[in-house]
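Residue numbers (the working numbering), protein chains in the order written: chain A, 265 to 710; chain B, 1156 to 1633. Glycine included, C-beta positions come from ideal geometry on N, C-alpha and C.
As structure tokens, then:
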């Protein structure tokens, strides 16, 4: 794994050799991933890589090069190619501030305990143990990944940022020969918090419940969205609703709605990398410290995530949510949703007649301005009557708007899970939502 | 390098490996983005590394590293992983037979895109943007070009040694118009990042973006002022630029044999297609639906010399006049199926294990003139350019949005356009409703450079050819 010393050596080599103001971003990772299907391992992989991104500035011109060939000659050749490009470039129309005199940010959470506890052999043994206790007719599929990452950032003025971290990501699907399935998807930031058998147990219960599913008509139903289903919704809400570039271009469903109600008062979501359960990156890819950003506060839209360019256009300061120097606005990717005061069981008990949604599949944006999303249910859709699950239902497609869904939230669970989002992890509860719009069925024979 | 690679293969065999291969991949990418007639980003990247795949006692191990000097270290890691995989291996992995090749394949190009001066490429995109901006009142314009050069060296323990130099080029432009709180976009030659193929800078020249800039600009201006697309059940004509994603999602993915066998179930999903449906000739669509997997299509983004199993590129018929005939395979999946690989096992870069990927999955042209297809629609819509997509995990229920719909009444285009069209369907029912495909004069291939699959997530470059096709009784609107 790339050490902090080596990362800083690379930054120094580049910035001291450059004739211009220059920033360097380094992203390195070591990943081991075990994939299984039909209760056996079918893919087992390990990879390591480290990439250096160099951005050289000359006024409004910037040249951007990346390489993963990390000997000094190759790094200097990359720098040279960036400098040679500058005279050929047109001004970008973007002026970037040179960061100076900032205290370093150094977060070192690299937990090598993951490797000793969940290395290649241990992952295989854990999956095997889970398979051995499954009854006939059930199979296991999924992926078990352990990842170590290093991010470093530096510039010509000696500003330095460094963060290392580790996590494990486990996906488990239990399938029954009838076609019923259950799923669980969790991210763990400490090796001891991962209990593979418990992850499997949750998915197994769903697969057992999911048998003998019936078909129902699409239409408007009250629903309980389990945390994995909420996670997809929250990820899109943050991505479309909070990105300053979408606001600038008039493409966000929350354009012009700062300070206005876009959700139920029960909904509060914050982009918070400091929360230990999400363990997010402390700085962005323009070198700025990431701010904790309140996106929705008790239903009211609050927070637009900026990079330096959208911030300049809006006449505010960057919130430290840049993904680079491309002027793409800010992207929040460690959303923490406040927990509610009901248990997951309470959410179901509160449904007179409705559906329990385990997760969604292939969520996508139909119309960004309307905030209209679509997705299919997957791995467990259940009919609830008088507060009890009465049977499994075949998958349905929903198409509905973010704002309408969030405004119809009438309860939030105490329990939350850490689940993967587009670029990071979110901490999300379950939610009960009234009048959720399902628009299609998924079975061929119907 | 050949000597070093073969030495490592010998080391793995001496350590007990039944099979091993090594891929060295070195990839250069240049991406140029402009927005509102200014350069937004110019990025050059290089990624070089090695991937080693090992079969030991019927179990698979794969390791990859950016270290291209100490190959044996990565090979030893792959062997260690293969041994650990035996812990939970019920069925030994076997590879179907293939020919042994020593060969070098190079994408035919006329103009090396990396030798075209940067300022020329930037100037061209700015000119396209200027043409859009001066043709209609727009809120934003964008342009993009992306070029890739990939050198691959492949060696396996069966004796193959294959080198490939693969060029890709492409780009696109977009016009955004805003009116009364709404924003609409028109793209050329396709949505998202445009259109891409294997080839040199001539591929971008052939797109002729400058000549289409004014057209999409005016369309965007009119579209944002247009009525919402009506809802109901309509006969629809779907243009090639939307057909490419329709084919991708509802034919390409469900016919990948690893999905059929459940290897992707926990992530991307499976397929409604079963092994018996293939062997018994399932009726996938109407007699107008003939679909090929063709890695030899000239200039298409999924065209190559050899896949990452070292299998020579080929063309196979997947659906013949509506009847399912074949599936997309790798050596390991073909072995289970009792056939030989049709050369569609590909990895994203050096980092990843090859998995079954589409190459160029295309709907063959029919016999119709476009006016005949339009003439057969009493009340319907002509849908163009993908805006959104979603399909369930078994590839049955799909929903697509397109950028624009043109009204068809009494067999003629009325000149009226609608915004925000959405249509949905059930895969085999939809393809059964196809009652005409335009002829070869209308046939176009579009490259899709962002097909995601696998864990860790891999991105494949694929393509789809089609002529505009007509479908009856399609649900429009949500």
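With a 10 Å radius around the Cβ and a threshold of 16 neighbouring Cβ atoms, residue 1276 of chain B comes out buried. Below 8 Å, enough C-beta pairs join the segment 1276 to 1285 of chain B and the segment 1183 to 1194 of chain B to call them touching: three or more. The closest CA to that of residue 701 of chain A, considering only A:684, A:640 and A:535, is found on A:640. Counting only Cβ-Cβ distances below 9 Å, residue 1200 of chain B has contacts in chain A at 315, 317, 328, 329, 330, 331 and 332, in chain order.
Residue burial is scored here from C-beta neighbours: residue 1612 of chain B has fewer than 16 other C-beta atoms within 10 angstroms and is therefore classed as exposed.
When the five nearest sequence neighbours on each side are left out, the beta carbons in the same chain lying within less than 7 Å of the beta carbon of residue 635 of chain A are those of 504, 517, 665, 666 and 667, in order along the chain. Every alpha helix (DSSP H) of 4 residues or more that sits fully in the segment 1515 to 1550 of chain B is shown, in chain order, as 1525 to 1530. Chain-ordered, the chain A residues with CB closer than 7 Å to the CB of residue 1575 of chain B read 631. Between residue 1610 of chain B and residue 1265 of chain B, the alpha-carbon positions lie close to 37 Å from each other. Put simply, of B:1551, B:1401 and B:1481 the residue whose alpha carbon is nearest the alpha carbon of residue 1538 of chain B is B:1401. For residue 1401 of chain B, no CB of chain A lies under 7 Å from its own CB, so it is not counted at the interface with that chain. By the C-beta density criterion, residue 1315 of chain B is buried, having at least 16 other C-beta atoms within 10 angstroms.
Annotation for residue 450 of chain A: the continuous beta strand (DSSP E) segment containing it runs 445 to 452. Straight through space, the alpha carbons of residue 1179 of chain B and residue 1311 of chain B are spaced by roughly 12 Å. For residue 427 of chain A, the pairing in a beta bridge is given by DSSP as A:371 and A:415. In summary, the residues of the segment 1497 to 1518 of chain B whose CB is separated from some CB of chain A by less than 7 Å are 1506 and 1508, in the order they occur in the chain. In the three-state reduction of the DSSP assignment, residue 1596 of chain B falls in the helix class, which pools H, G and I. Assignment of alpha helix (DSSP H) within the segment 1185 to 1245 of chain B, counting only whole runs of 4 or more residues, yields 1226 to 1240 in chain order. Within the segment 601 to 681 of chain A, the runs of beta strand (DSSP E) at least 3 residues long that lie entirely inside it are, in chain order, 617 to 631, 636 to 649, 652 to 656 and 660 to 665. Distance from the Cα of residue 1292 of chain B is smallest, within the candidate group B:1361, B:1379, B:1244 and B:1534, for B:1379. Excluding residues up to 5 positions away in sequence, 402, 438, 439, 440, 444, 445 and 446 lie with their Cβ nearer than 7 Å to the Cβ of residue 471 of chain A in the same chain. Residue range 1470 to 1475 is occupied by the beta strand (DSSP E) that includes residue 1472 of chain B. Listed as beta-bridge partners of residue 1334 of chain B by DSSP are B:1337. For residue 570 of chain A, there are no neighbours in chain B by C-beta distance under 8 Å, as the nearest C-beta there is about 17 Å away. Your pair residue 1303 of chain B and residue 1183 of chain B checks out as a contact, with CB atoms roughly 7 Å apart and the cut at 8 Å.
Sequence-distant partners of residue 1385 of chain B (beyond 5 residues in either direction) whose C-beta falls short of 8 Å from its own C-beta, in its chain, are 1573, 1631 and 1632.
Residue burial is scored here from C-beta neighbours: residue 538 of chain A has fewer than 16 other C-beta atoms within 10 angstroms and is therefore classed as exposed.
Residues 295 of the same chain have their beta carbon placed closer than 6 Å to that of residue 311 of chain A, with the five preceding and five following residues left out of the count.
In the structure shown, residue 466 of chain A adopts helical secondary structure according to DSSP, grouped into three states. Residues of chain A with a Cβ closer than 9 Å to the Cβ of residue 1244 of chain B are, in chain order, 304, 305 and 306.
Scanning chain A for C-beta atoms nearer than 8 Å to the C-beta of residue 1204 of chain B yields 313 and 332, reported in chain order.
The Cβ neighbour count for residue 314 of chain A, taken over all protein chains shown within 10 Å, is at least 16; the residue is labelled buried.
Of A:380, A:397 and A:436, the smallest CA-CA separation from residue 411 of chain A is found for A:380. Within the segment 423 to 442 of chain A, the residues whose Cβ lies closer than 9 Å to any Cβ of chain B are, in chain order, 435, 436, 437 and 439. Within chain A, 628 have C-beta atoms less than 7 Å from the C-beta of residue 1544 of chain B, given in sequence order. Taking a C-beta distance under 7 Å as the contact criterion, residue 1294 of chain B and residue 1260 of chain B do not qualify as a contact pair.
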